[in-house]
Amino acid sequence: MFDYNPGSIPPCAGLSSSSSLVCASALATLATHSSRIFEVVNKAELAELCARAEHLIGTEGGGMDQAIEILAVKGNAMFIEFNPLKWTAVELPKSALFAVVHCGATLNKAATSQFNERVVECRIAAQ
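Position 41 of the sequence shown, counting from 1, maps to 515 under the working numbering, and the rest follow consecutively.
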């Protein structure tokens, strides 16, 4: 499979570009096998598989990015819970606006262990 993905998300901006790429790749791969993707795999399973895929490449994220990327419903926010994965769509007012602003700071999570260390610290603190 050839993947060419030009984009305008600033590198290392913390906007979940790696999670987006993993989820988009999974959806594209599934779409080559079935026009009804979610008859092959349910959304919760796919979100969890995408989170595990990122763990396998060394990023210890928690799965929130993958969950919202797979479970998103147009015009809604999503209340997401884990263990087990559950979600509830929360309808947004038609007038709702969001601003996504990049402050210019960068952090290459793949270049340092800081992100994975923070995840481990949070898991220990939550026990």
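Ideal placement from N, C-alpha and C gives every residue a C-beta, glycine not left out.
As the crow flies, the alpha-carbon of V564 is around 30 Å from that of F589. Taking A525 as reference, the option from Q601, N582, V496, H576 with the minimal CA-CA separation is V496. Shown here, V564 sits in a strand according to DSSP, grouped into three states. Counting along the chain, the unbroken beta strand (DSSP E) around N550 starts and ends at 550-555. In the structure shown, L530 falls within a helical segment according to DSSP collapsed to helix, strand and coil. Under the DSSP assignment, R592 falls in the alpha helix (DSSP H) whose first and last residues are 588-599. When secondary structure is reduced to three states using DSSP, A546 falls in the coil class, being assigned neither helix nor strand.
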